[in-house]
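Data block below; observations after.
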């Protein structure tokens, strides 16, 4: 572990109030080790960013946290909402983990394109409802009430992400940035204690990125912790309270944005050998014209990542 | 023991024919991710096509010498393969390609194939006849017993069928793993858009995949038609069994289809009669299909992507 | 790939067209091979001078495709579409439809024409029409209208329109004269259809004369008509049908007594029939019709809500009185021993039912007008969802009008149909519509490919047979039930079976699920055939007939089984209930969850949807609908056997759902109705063994030209276009199948 790890880890917040307590998880696919003895703690109320080059295991970590993959070793405890006692995620189905208060978005947008924006969000709201098929068929009063509530909540959420005007558009016909925000709204609809955002800024333009940063901070201010995977360093540095760096499935660093920027191990991970060059790159986020690090795995590392082509939602 | 061997041979005979048909399902599934529901009619067309040729050549097939018998068998296989290939080619052109061009939903392909299946089966019935008991000229004397090891009766016909099927399967395996066309098929199966970018002509590859699958099914049609009877509706049951065999082995997986076919053929002949328990029938022949399907369901419940797993291109 | 000769495009097309015409030649005609000569069918089809007709068709198609730019330029002129539509309708009426039922197998136009030619004493006009006028006039009309369109000759357009109307009326009159001379009971629709065809041609002529624009705008035109006065077309339709019913249709027809309303009135004046009936036949009928018509017209014209509902109410009362009268006269005639009268509701002509349809249509028009009147106020609630928009679209005037007219037909048309069609309507069409809307839940909404759907139908049927004591194994005596009470049990049995099958297998993906369900269906059928423990009575089917249901409330006793019509109305009730339930389900949270699972299962799970539960619910709901259909089928048909539950039927139901338009309730109904009607219709057209072949061809052609089905669901349509606009990697030409398909 690097020097940055130890400093801020357990001192300031009460050690018990963790959202995620990930203890030494290892995830293998056949012969490939995707996560190797990863340990990390996420505290309630924080915005934690996970960064690392492509193939570092970030998305595998997300999938492990949400129950899509089950790591072969280690333990993941989650207590998403305040007052929940920590429960293990391992072996639980994805929707159960979601019901425990963990919501997520996807790197390649995965909306329900043939439903309207409003309906997409309603799907999320309604996973917390009780009425069954019989009451729906008969149109019983409580089913109608739930239906109205779901519409109201969904509208409020769309309002919050700035999509209320497009509520009746098909999700598939929304612009790219709007789809990203809709996915966040859908995740929030399940009333999570923590939301996992997988590259929410990918493929968005600078204006949208600023809006996104504001949205993330707003979500956080409303009491939802945020776990963020992002390649856009400017965004990460501006919103994250803490950063964890993964490389080759291992946690190589952890600390505040400032610490991470100065961490030589991180710099080396991103840019191979030439540490000085890398350090420069990492700091360039202050300069307006060259504000991102390319993390596409290109060892030469030039060109802003954020302007890359949007990935297809179902590629 | 003798009973066991008898049923084992029976199972291998049927199984090798299932495998030949299953290969067509699996090849098409590999490149298109579609069940070609009309494949059973390709099989049926092979039987009719080879019958017409064989009938023309040998008449009632009396008094042929050994070498002539071999030649006629080869001729039947080739005629069946060509009929099957032609029908499969036309099928792809008419019932699949226009839908692909339009980006039709997946179920539309299924319905198109079902329609084509109804159409072909009844058109052949209308042209040739709708009777259920057409027979090939018996030039091989199919009842003839070749060996009697351990008291079992191994028939010449069974040997011919198994050898033909094995040769065809080896040929296919070579074709897919060794030739440029085979590489195209595998590349298309793996990732059609990328293959297209790499210069593989997708349309032509798909067309040829249908032709290869159709030829195998057509040859199987000849073997099946000769061994039993043939009719315009003969494709239905073997078609479903072969489909099940393809799924059993892992649909899209060529070796899976071979294994699935043989396994299904042997299992459905050995399990219901259970010669080793001694009884003539402990469940009874009439439960053959139930045994096959129960086996299929059980295997899929425990191995959801079949015995060898999916996909033509990928390792299991 | 190796070098190869690249043929020019046109060569390939020519080969394809000629090949197609040879295949068509093989399809048409009675030829059939035999075991003595396998090639005889082929030779008759292909090595025969008639092949040249087919080749000619191929050549025409070839030129039409090759010069499609020119063709299209002409085809988009205003008037061409109605011209083609009218021509097709006329060809259908002359060559496909029956003109005079008593002629049996010869009942089509040609048969009637022969009969007319050999009958003396007919009106010369009728003789001329059946002899040469029909085809001469048709040729003149088609050529004339086409010339009028192409050369923009207004006078010719008007002249042709007038001629078309005249010929249409002549056709009707000639048919009436011929039918009168024959004197038999006739249910045929050839002549009225021909009239419709001529009217459409007249419309084409008018368009040719009136329109100045270069291209046709059919859709805009229809919408403008609908928006002008919503409900007006329905009222006009009602007027037309009503006049026909009051003036020319038969009201009472035992043993060739083809009594029109006037005749019927004099027949029953002074009889035991009630005063109301006599009044109705004498004068009240006319008065009521005029009153309803005026009220409907007023509602449509003023677009006043209150007037609209009043008119609709008047229509309902009128229909009630019509029905009372119909019952009364048939019952009275039977009691009085009128020759040929055999019971209430029997021997009625088409008149009463036609009048009911007419009045219903006017009422529906008024209702549409009323709905339109108060729309803007209450449209907010459901707007946010696709289903909301779907509801909106469903409420759009055209669709609403069509749907209401369809309901009118469903209610009052079947009594006028022949017993053959009544039987077909219930056991083929009705039952399969029921099955299709159930399977639509599984395939269309949840995206699960179920190829063993018929198994639940079998379970429902056998459960009913068991509970009513029709199987070798008798239920305990306290359990012996009437088929109506078997409904909940059968539904429960199928629900459980659906869950038992679904729970372990629903995690399988599309094609694996398909083969597993297929296997399940076959297992159920084979068990029924093999009859372990003598439960099912094996391939012979049930031991004794399943009894017909009875409702006995003391004061009210309804006994089914007298005729198919009773089952038809029972079926309508079941359908109405199910459609209402499913309609609500589609817009509920479960409906949205189905759509979510179908489109992206991973995302649905991550959003907290319990996908297994949601899929199981779809499976179970589908299964229980199938079971309900099974109960209905068993009690209707009485005797059934495992042959009713073969795999082919499962596959056909899937075809109905997809043909109609996956995920759309109306689509599933339309698909099942069309494809089950078709074989019954083809009975008159082709050798009966060939019907499956033609249906196969229809399926392929439909999927080629309209893969989304007859009436696609809005959600599904959106799904097909999906996110493709944003996804550069989706190239339809390369990708075999859109990845978004859930199945």
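Residue numbers (our numbering), protein chains in the order written: chain P, 1 to 315; chain X, 1001 to 1316; chain V, 2001 to 2743. From the three backbone atoms N, C-alpha and C, an ideal C-beta is built for every residue, glycine too.
Every unbroken alpha helix (DSSP H) inside the region 1208-1276 of chain X [4 residues or more]: DSSP runs (the alpha helix (DSSP H)) wholly in the region 1208-1276 of chain X: 1236-1249 and 1254-1273.
Inter-residue Cα distance where the pair is residue 2269 of chain V and residue 2284 of chain V: The alpha-carbon atoms of residue 2269 of chain V and residue 2284 of chain V are separated by roughly 14 Å.
For residue 308 of chain P, three-class secondary structure by DSSP: Confidence is the limiting factor: at residue 308 of chain P the pLDDT is only 36, short of 50, which leaves the residue's position unreliable, though a coordinate-based value still follows. Reduced to three states, the DSSP call for residue 308 of chain P is coil.
Beta-carbon proximity check, residue 2424 of chain V vs residue 2680 of chain V, cutoff 7 Å: Yes. Within cutoff.
Secondary structure of residue 1069 of chain X, DSSP reduced to three states: For residue 1069 of chain X, the secondary structure class from DSSP, reduced to helix, strand or coil, is helix.
Beta carbon proximity, residue 1142 of chain X to chain V, threshold 7 Å: By this cut-off, residue 1142 of chain X is not an interface position.
Simplified DSSP assignment, three categories, for residue 2258 of chain V: Coil at residue 2258 of chain V, not helix or strand.
Interface partners of residue 2507 of chain V on chain X, CB under 8 Å: Under the 8 Å cutoff, chain X gives 1304.
Residue 2577 of chain V in three-state terms, based on DSSP: Correct three-state label for residue 2577 of chain V: helix.
Test: residue 1092 of chain X CB closer than 7 Å to a CB of chain V: At least 7 Å separates the CB of residue 1092 of chain X from every CB of chain V.
Buried versus exposed, by CB contacts within 10 Å (16 or more), residue 1303 of chain X: By the neighbour-count criterion, in which 16 or more other beta carbons inside 10 Å mark a residue as buried, residue 1303 of chain X falls on the exposed side.
Inter-stretch contact (C-beta, 8 Å, three-pair minimum) for the region 2014-2034 of chain V and the region 2047-2062 of chain V: Contact holds: three or more Cβ-Cβ distances are below 8 Å.
Neighbour flag for residue 165 of chain P against chain V, beta carbons, 7 Å: For residue 165 of chain P, no Cβ of chain V is located within less than 7 Å of the residue's own Cβ.
Supposed close pair residue 2078 of chain V, residue 2211 of chain V - CB separation, criterion 8 Å: With a contact defined as Cβ atoms closer than 8 Å, residue 2078 of chain V and residue 2211 of chain V qualify at about 4 Å.
DSSP state of residue 2224 of chain V mapped onto helix, strand, coil: Residue 2224 of chain V falls in the helix class under three-state DSSP.
Residue 1102 of chain X at chain V interface by Cβ criterion, 7 Å: Yes, because at least one Cβ of chain V sits closer than 7 Å to the Cβ of residue 1102 of chain X.
Strand pairing of residue 2559 of chain V, partner residues [DSSP]: Residue 2559 of chain V is bridged to V/2550.
Neighbouring residues, chain P, relative to residue 2581 of chain V (Cβ below 7 Å): Contact of residue 2581 of chain V with chain P by beta-carbon distance below 7 Å involves 137.
Terminal residues of the beta strand (DSSP E) in which residue 228 of chain P lies: For residue 228 of chain P, the enclosing beta strand (DSSP E) stretches over residues 225-229.
Cβ shell of residue 129 of chain P (< 7 Å), same chain only, five flanking positions each side left out: Its chain contains 146 and 150 as the residues whose beta carbon lies nearer than 7 Å to that of residue 129 of chain P, once the 5 sequence neighbours on both sides are disregarded; these appear in chain order.
Short CB-CB distance (under 7 Å) between residue 1253 of chain X and chain V: It does not; no Cβ of chain V falls within 7 Å.
Top-ranked residue by Cα proximity to residue 2551 of chain V, from V/2483, V/2503, V/2192 and V/2522: Among V/2483, V/2503, V/2192 and V/2522, the Cα nearest to that of residue 2551 of chain V belongs to V/2483.
Paired residues, beta bridge with residue 2108 of chain V - DSSP: Among the bridge pairs identified by DSSP, residue 2108 of chain V is matched with V/2098.
Residue 2645 of chain V, enclosing beta strand (DSSP E) - first and last residue: Where residue 2645 of chain V is concerned, there is no enclosing beta strand (DSSP E), given that its DSSP letter is neither H nor E.
Cβ-based contacts, 9 Å cut-off: residues of the region 1030-1046 of chain X near chain V: Only those residues of the region 1030-1046 of chain X whose C-beta falls short of 9 Å from the nearest C-beta of chain V are listed: 1031, 1032, 1033, 1034, 1035 and 1037.
Chain V contact for residue 133 of chain P (CB, 7 Å cutoff): Chain V contact via Cβ: present.
Buried/exposed call for residue 2688 of chain V, threshold 16 Cβ in 10 Å: Per the 10 Å Cβ criterion, exposed.
Candidates P/234, P/178 and P/223: closest to residue 101 of chain P by CA position: Nearest to residue 101 of chain P by alpha-carbon distance, out of P/234, P/178 and P/223, is P/223.
Cβ-based burial, residue 2197 of chain V [other Cβ within 10 Å; buried from 16]: Residue 2197 of chain V is buried by the Cβ-count criterion.
CB contact check: residue 2655 of chain V to chain X, cutoff 7 Å: Taking a beta-carbon distance threshold of 7 Å, residue 2655 of chain V counts as an interface residue toward chain X.
Proximity of residue 162 of chain P and residue 113 of chain P at Cβ, strictly below 7 Å: The answer is no: Cβ separation not under 7 Å.
Residue 2190 of chain V and residue 2082 of chain V closer than 7 Å at C-beta: Not in contact: residue 2190 of chain V and residue 2082 of chain V (Cβ atoms no closer than 7 Å).
N-terminal and C-terminal residue of the beta strand (DSSP E) that residue 42 of chain P is part of: Looking at the DSSP string, the run of the beta strand (DSSP E) that includes residue 42 of chain P is 32-43.
Positions along the region 2228-2246 of chain V whose CB lies within less than 9 Å of some CB in chain X: Those would be none; no residue qualifies.
Minimum Cβ-Cβ distance from residue 2734 of chain V to chain X less than 7 Å: Below a pLDDT of 50, predicted positions are generally treated as unreliable, and residue 2734 of chain V, at 35, falls in that range; the measurement from the model is reported next regardless. Cβ-Cβ to chain X under 7 Å: yes for residue 2734 of chain V.
Residue(s) in a DSSP beta bridge with residue 1154 of chain X: Residue 1154 of chain X is bridged to X/1147.
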